[in-house]
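Residue numbers for the sequence shown follow our numbering, beginning at 20 and rising by one.
Here the structure is laid out as structure tokens; the discussion comes afterwards.
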Amino acid sequence: MLTLGDIRKRFGATTAVDGLSLQVSAGEVFGLLGPNGAGKSTSLAIATGLLAADSGSVDLLGLGSPTNASVRSHLGLAPQEITLYAELTARENLLFFARLYGVANARRRVEELLAIVELESRANDRIGTFSGGMKRRLNLAAALVHDPKVLLLDEPTAGVDPQSRNRILELVRTLARAGKTIVYTTHYMEEAAKICDRVGIVDHGRMLDVGTVAQLVTRHGGHSAVTVSRGDQDERVLTADPVAEVTRQFAVGGVTGVRVESPDLEAVFLALTGRSLRE
Ligand SMILES: Nc1ncnc2c1ncn2[C@@H]1O[C@H](COP(=O)(O)OP(=O)(O)O)[C@@H](O)[C@H]1O
Ligand SMILES: [Mg+2]
Numbered sequence: 020m021l022t023l024g025d026i027r028k029r030f031g032a033t034t035a036v037d038g039l040s041l042q043v044s045a046g047e048v049f050g051l052l053g054p055n056g057a058g059k060s061t062s063l064a065i066a067t068g069l070l071a072a073d074s075g076s077v078d079l080l081g082l083g084s085p086t087n088a089s090v091r092s093h094l095g096l097a098p099q100e101i102t103l104y105a106e107l108t109a110r111e112n113l114l115f116f117a118r119l120y121g122v123a124n125a126r127r128r129v130e131e132l133l134a135i136v137e138l139e140s141r142a143n144d145r146i147g148t149f150s151g152g153m154k155r156r157l158n159l160a161a162a163l164v165h166d167p168k169v170l171l172l173d174e175p176t177a178g179v180d181p182q183s184r185n186r187i188l189e190l191v192r193t194l195a196r197a198g199k200t201i202v203y204t205t206h207y208m209e210e211a212a213k214i215c216d217r218v219g220i221v222d223h224g225r226m227l228d229v230g231t232v233a234q235l236v237t238r239h240g241g242h243s244a245v246t247v248s249r250g251d252q253d254e255r256v257l258t259a260d261p262v263a264e265v266t267r268q269f270a271v272g273g274v275t276g277v278r279v280e281s282p283d284l285e286a287v288f289l290a291l292t293g294r295s296l297r298e
């Protein structure tokens, strides 16, 4: 659906994207996980055809580069910086984008979108009064006005409370089930683990590895830790096979408690970069 081939982009002395490649398949939620400054937003801007790479290739749906407007029309972008008009209502904002994209039956489409992002009851309110989560949902709806096949979501949960975050994550899964192909950037590994079919780990403008969370954890996550308590004595054992270790400990006997810590994307990021993803 979307292929980036060895893209590079410098801003003066800063290398933002340093030979990044990715291939996103139809119907998947593909996560770009990396810290601030990793080059995620720049990569998405290049993927939309709105920012020119210094080198490398972009192909959308086998149609060629999205620098071509007719190719680009299959793509929707919800930018990291919210691009809505605070003085307009939710409905007016969506109508503005629907008309900008030349959407047929713009009014009907806007009502559909208000329902999809569950903002019907606030349709007539100016978005200057909205919470961070409501603005994010409307920003996402604006990317959908022309019903694109591929949706690029750049940090769609930035600046929202945990409850709104879950709502947005559910919305993304719903859109994927409805057939959208989604590229999702985040620096929150819990989010990537929760909703992405595959994750690419990005740092310093490079794709360090790509896979399902399970594949990445198996490749780079290292060992699980099994902590076994016998009365007030704790023993911590590192193992690749925690189930076997727990079984062995029970066979020895006297176990009063067991705790298993499995490696996650944080361990993967640490193994790949030598740094923690948590700021
Ligand atoms: N327009 C720009 N001008 C100069 N530097 C930029 C510009 N856009 C991004 N950068 C730099 O490129 C690097 C990657 O930025 P970005 O793609 O925004 O990363 P991310 O989205 O992963 O946080 C950062 O060092 C950033 O400061
Ligand atoms: Mg960014």
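From the three backbone atoms N, C-alpha and C, an ideal C-beta is built for every residue, glycine too.
The model shown is predicted, which means the values in this text are computed figures rather than measured ones.
- Taking all protein chains in view, the Cβ of arginine 217 is crowded by 16 or more other Cβ atoms within 10 Å, so the residue is classified as buried.
- If you ignore the 5 residues before and after glycine 152, its C-beta comes within less than 8 Å of the C-beta of Val179, Asp180, Gln182, Ser183, Arg184, Arg186, Ile187, all in its own chain and listed in chain order.
- In the three-state scheme derived from DSSP, where H, G and I count as helix and E and B as strand, phenylalanine 269 is classed as helix.
- Classified as buried, serine 62 has 16 or more neighbouring CB atoms from the shown chains inside 10 Å of its CB.
- In chain order, the residues with a C-beta atom nearer than 6 Å to some heavy atom of ligand 1 are Phe30, Thr33, Ala35, Gly53, Asn55, Gly56, Ala57, Gly58, Lys59, Ser60, Thr61.
- DSSP, read as helix, strand or coil, puts glutamine 182 in helix.
- Taking 8 Å as the cut-off, the C-beta of aspartate 222 does not count as close to any heavy atom of ligand 2.
- Going by DSSP, glycine 24 is part of the beta strand (DSSP E) stretching over 21-30.
- In the structure shown, isoleucine 201 adopts extended strand secondary structure according to DSSP, grouped into three states.
- In the three-state scheme derived from DSSP, where H, G and I count as helix and E and B as strand, glutamate 174 is classed as coil.
- Close CB contacts of arginine 192 within its chain, under the 7 Å cut and outside five residues either way in sequence, are with Ile214 (chain order).
- For glutamine 182, the CB stays at least 8 Å from every heavy atom of ligand 2.
- Nearest to threonine 34 by C-alpha distance, out of Ser40, Leu113, Ser150, Ala57, is Ala57.
- With a cutoff of 9 Å on beta-carbon distance, asparagine 143 and alanine 88 are scored as not near each other.
- Of the candidates Ala71, Asp25, Arg27, the residue whose Cα lies closest to the Cα of threonine 86 is Ala71.
- At least one heavy atom of ligand 2 falls within 8 Å of the beta-carbon of glutamine 99.
- Residue burial annotation: valine 164 is buried, with at least 16 other C-beta atoms found within 10 angstroms of its C-beta.
- Between glycine 46 and the set Val202, Arg267, Val245, the nearest pair of CA atoms involves Val202.
- Remark: the shortest separation between the CB of glutamate 174 and any heavy atom of ligand 2 falls under 8 Å.
- If you draw a straight line from the Cα of glutamate 209 to the Cα of glutamate 189, it comes to about 14 Å.
- Taking all protein chains in view, the Cβ of valine 271 is surrounded by fewer than 16 other Cβ atoms within 10 Å, so the residue is classified as exposed.
- With respect to the 9 Å criterion, glycine 95 and leucine 23 are not classified as neighbours on the basis of their beta carbons.
- Rounded to whole angstroms, the gap between the alpha carbons of isoleucine 101 and glycine 50 is 20 Å.
- Contact between isoleucine 146 and asparagine 124 fails: their C-beta atoms lie close to 23 Å from each other, not under 8 Å.
- Measuring C-alpha to C-alpha distances from methionine 226 to each of Arg29, Val36, Ala32, Ser150 identifies Val36 as the nearest.
- Positions of the beta strand (DSSP E) runs, each at least 3 residues long and wholly inside the region 26-81, are given as 33-43, 48-52, 74-79 in order along the chain.
- Cβ contact annotation for alanine 195 (same chain, cutoff 7 Å, sequence separation greater than five): Gly46, Val48, Ile201, in chain order.
- Taking every protein chain shown into account, the CB of arginine 128 has 16 or more other CB atoms within 10 angstroms, so this residue is buried.
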